[in-house]
Structure formats: C-alpha cells, structure tokens
C-alpha cells in the first residue's frame, strides 16, 4: 500500500520561502508523477504542480509558476516543494499526492497546515 | 486557469439519489475524458471516487457513478447513506499537463 507523509515547518514568515517534503513508502517515486495540492481554509483545492520522470520533469500551475520549485530525491524516496515570497494568502493545508496520467490522484498524504504569519 | 464550477451545497435524505455537477469549458471538462471526483471528510485526506469521467477505483462503492455531457461532468450518488456526507471536488486535465479543481460541493445527508 502506497503511503505519503508531508513534513515541514507549520509556520513561515511573510516574504520567506515555504519548504515541504513528502516521504513516500510502499512504492518507488521513480514511477508515476508526484504532486502538491493545497487548500486554504474554507476554500477549494488548488493544484500546485507535479514532478516526474525521476525528477527530470516538472509542470506547475501557471498562477504559481514564478514562485514554485519542486525537486526529487530518489535515494530517499522523497520529493519536495519550495514556494517563495509567501504571503498570508498562501496559508493552507498542503497535500502531496500520487498522480496518474497527468489526470487524477490516487494516493494522498494526510496534509499539513502551513500558516504564513509574523 | 479558472476553477471549475460546482454548486456550493446539495442535500438529500438517506436512500435517495443526488447529483453534483461540475461545469467547465471546452478547454478542460469538454475537451478531455479526464474528469475525476474526490470525497473529503473534515480533517481527512481527499479520496479518489471516480477517474476518467466514469471509472471507479477498486474499493469504491458502486453507488458512486460519473458521467459527462459537453462541458459538464456529473457525480451521482445513489442510495444515499449518512457516511456520504462530505465535501466533493471535481478536477479536470487542461492543456500543458496542468490540472484544475472545482470549488467543491458540501453534501448534507438529511
């Protein structure tokens, strides 16, 4: 059974960089694509981006592309998200998820709340 | 990319059927057979319920079904049960290998 677990600071100061890591167990991240998705309180889900092809390829949400970087460490079976220049509007629960065919997400982490505040 | 349009809320009584719509454009819902649906209970991770418009993953009840007509996709839940009360989100592939979600629908079982 594939399992995903997000980790990282729960509090980030405005204008700083938000950094999260997703650790995958029960399967190799060298296959499939690996995604970050977020949900601000009281709002809907927002796809942030995906990384695949053993970390050689990425696709990002155009609205966030200028601030997002994703990377992958296949030796640790982990992938990561960096979102720079954060503001309070970036406060959200962040999920990592396994993607299939650039289309749907079949395994999700439990999510981690990141608050942007000084 | 604009979020797909879903009704904010729907409700139904146990045993009834309900349908949640997800409206997009010819650039997303109408252009690809890549609509999926997710169920999210408060504080829990989203769960895939339907993929590629009408396919159910293993383990998902056959009370859940999906369809699409033009730019609108639909999720139907038949034989409504108390445990179905949750938020539901649709998503669609759009161009350049990106994905867009709907705003979500809160299902209340009366």
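Protein chains in written order, with my numbering: chain A, 103 to 220; chain B, 64 to 173.
Yeah, the Cβ is synthetic: ideal placement off N, Cα and C, and Gly gets one too.
Residue i versus residue j - alpha carbon distance
i: residue 152 (chain A); j: residue 80 (chain B); result: 35 angstroms
i: residue 92 (chain B); j: residue 131 (chain B); result: 8 angstroms
i: residue 131 (chain A); j: residue 115 (chain A); result: 31 angstroms
i: residue 213 (chain A); j: residue 108 (chain B); result: 7 angstroms
i: residue 159 (chain A); j: residue 139 (chain A); result: 17 angstroms
i: residue 110 (chain A); j: residue 65 (chain B); result: 29 angstroms
i: residue 169 (chain B); j: residue 94 (chain B); result: 26 angstroms
i: residue 178 (chain A); j: residue 125 (chain A); result: 8 angstroms
i: residue 125 (chain B); j: residue 119 (chain B); result: 8 angstroms
i: residue 208 (chain A); j: residue 108 (chain A); result: 16 angstroms
i: residue 121 (chain A); j: residue 181 (chain A); result: 11 angstroms
i: residue 112 (chain B); j: residue 142 (chain B); result: 16 angstroms
i: residue 144 (chain B); j: residue 176 (chain A); result: 42 angstroms
Within 7 angstroms, strictly: CB atoms of residue i and residue j
i: residue 169 (chain A); j: residue 155 (chain A); result: no
i: residue 167 (chain B); j: residue 146 (chain A); result: yes
i: residue 88 (chain B); j: residue 161 (chain A); result: no
i: residue 139 (chain B); j: residue 74 (chain B); result: no
i: residue 84 (chain B); j: residue 137 (chain B); result: yes
i: residue 64 (chain A); j: residue 201 (chain A); result: Given a span of 103 to 220 for chain A in the structure shown, any question on residue 64 (chain A) remains unanswerable.
i: residue 141 (chain A); j: residue 190 (chain A); result: no
i: residue 144 (chain A); j: residue 103 (chain A); result: no
i: residue 216 (chain A); j: residue 196 (chain A); result: yes
Enclosing beta strand (DSSP E) for residue i [first to last residue]
i: residue 169 (chain B); result: 168-172
i: residue 206 (chain B); result: Nothing can be reported for residue 206 (chain B): it is not among the residues displayed for chain B, which extend from 64 to 173.
i: residue 136 (chain B); result: 135-140
i: residue 162 (chain A); result: 159-162
i: residue 123 (chain A); result: 120-127
i: residue 146 (chain B); result: Run containing residue 146 (chain B): none; DSSP gives neither H nor E here.
i: residue 83 (chain B); result: 81-86
According to DSSP, residues forming a beta bridge with residue i
i: residue 183 (chain A); result: A:122, A:172
i: residue 148 (chain A); result: A:140
i: residue 161 (chain B); result: B:157
i: residue 118 (chain B); result: B:114
i: residue 194 (chain A); result: A:216
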